[in-house]
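S.K.:
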Amino acid sequence: MIALSLFTKRVVWGLLIFCSFQTVAADNLLKMNTDRAKFNYQMFCQGCHTPDGTGGKSVPKIKNYIGYFLQNQVAREYLVRVPGSANSPLNDEQLAEVLNWMIIELGGESVPKSMQYYTANEVAKLRQKPLFEVVDYREMLVKRLAVK
Amino acid sequence: MNFIDKFFEKRARNVAQLSNRRGFIKGVAATLVGASTIPLLPVARASDTPVLPQEAGDPSSCDYWRYCAIDGFLCDCCGGSYNTCPPGTEMSPITWIGTCRNPIDGRNYVISYNDCCGKTQCGTCLCQRDEGDRPLYRSDKSNDVNWCLGATSSVYHCSTAIVVGIAFDEGSSK
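Chains R and U, in that order, give the protein sequences. Note that the first sequence ends on residue 148 in this note's numbering; no numbers are left out. Note that the second sequence ends on residue 1174 in this note's numbering; no numbers are left out.
(1) Please look up how many angstroms separate the CB atoms of E1090(U) and A1151(U), rounded, as I've assumed it's under 8 Å.
(2) Does F69(R) come within less than 7 Å of chain U when only Cβ atoms are used?
(3) Counting pairs of beta carbons, one from the segment 1120-1133 of chain U and one from the segment 1062-1082 of chain U, are three or more of them closer than 8 Å?
(4) Count the other CB atoms, across all protein chains shown, that sit within 10 Å of the CB of N91(R); report buried if there are 16 or more and exposed otherwise.
(5) Quick check: is the beta carbon of P1135(U) nearer than 7 Å to any beta carbon in chain R?
(6) Hey, does D92(R) have any beta-carbon neighbour from chain U nearer than 7 Å?
(7) In or out: T1095(U) buried (at least 16 other Cβ within 10 Å) or exposed?
(8) Please confirm whether C1116(U) has its beta-carbon closer than 7 Å to some beta-carbon of chain R.
(9) Starting from V56(R), find everything on chain U with Cβ-Cβ shorter than 7 Å and list it in chain order.
(10) Going by C-alpha distance, which of F44(R), A120(R), I62(R), R127(R) is nearest V111(R)?
(11) Tell me which same chain residues have a C-beta within less than 8 Å of the C-beta of N33(R), skipping the five on either side of it?
(12) Cβ closer than 9 Å: which chain R residues qualify as neighbours of I1097(U)?
(13) Give a yes or no on whether the minimum CB-CB distance between F1168(U) and chain R is below 7 Å.
(14) Can you name the residues of chain R whose CB is closer than 8 Å to the CB of G1165(U)?
(15) Which value, in whole angstroms, describes the spacing of the CA atoms of N1114(U) and S1159(U)?
(16) With 7 Å as the threshold, decide whether the Cβ of V1155(U) is near any Cβ in chain R.
(17) Using DSSP with H/G/I as helix, E/B as strand and the rest coil, what is G1165(U)?
(18) Following the continuous alpha helix (DSSP H) through R144(R), name the residue where it begins and the one where it ends.
(19) To the nearest whole angstrom, what separates the beta carbons of D52(R) and L106(R), a pair I think is in contact under 8 Å?
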């Protein structure tokens, strides 16, 4: 009886811990207002990157590609430091939100399973260092990425 | 207190007779497995359902509601329509985007002003309303840019006004 009781307690504690992790994950997702993120993508990104992120001509492709930039820290920072992100009129929270939305909605299989969402604080810090020679810098990064 | 003790003892014994602990654990396990599959279920993400606002007005007139931020020749007067290019031209995939208020339902819609390219300027129905237009140093929000640079031919012919979504309203989302 005592052993069974202990087991039951462990199950209950396990359940509580499981639920707490679920809450953290849910909080992370709940911070994203998908309607606002989509609208901001349309207003400030879609004009060049096209509705589904395909891009074109000299406009980089986002669709099924953007997630590869989360493979290392320098590439991750690049997504915030590009002029379209760093100089956008969006505030830090909205920029983080639209970046996360783009990765989730357009990234497809390129997104790593252990994706870390951008936060407003991270974005605020990185956009202070905007890139100027984007084309060469991107080319250098892409050569380092493991792209399928 | 005695009554309460007896009541709960009786209830506990009833439960014990009608159920078993393994059944409880099985139930918890089933709940855990079931709950963990909920995030895997297919959900409607960003819907690709086209937004179809109620329409009013003349698409060949500069006063038409979708043209609030346009600067160019109206494709509706050039053999196309407000959302299609005239024959022999190509719609530029890159474009500039603004919002216009639909007078019928009072809602703001996201409008994509895709240029049609590949033939010389249409020359009729020039319309310049420029609401929300920004200087060229904000190229993504300037309608003075030749957006045909994104097409095969950079020769500008006319402009469309395609509704691509409903504007987000911070006030109504709370």
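Think of the CB as a built atom: it goes at the ideal place given N, C-alpha and C, for glycine as much as any other residue.
M.R.: Answer, in terms of the structure:
(1) 5 Å
(2) no
(3) yes
(4) exposed
(5) no
(6) no
(7) buried
(8) no
(9) A small correction: the amino acid at residue 56(R) is Gly; Val does not occupy that position in the sequence shown. What G56(R) touches in chain U: P1093, I1094, G1150.
(10) I62(R)
(11) E97
(12) Q42, M43, F44, Q46, G47
(13) yes
(14) K38, F39, Q42
(15) 6 Å
(16) no
(17) strand
(18) 134-144
(19) 7 Å
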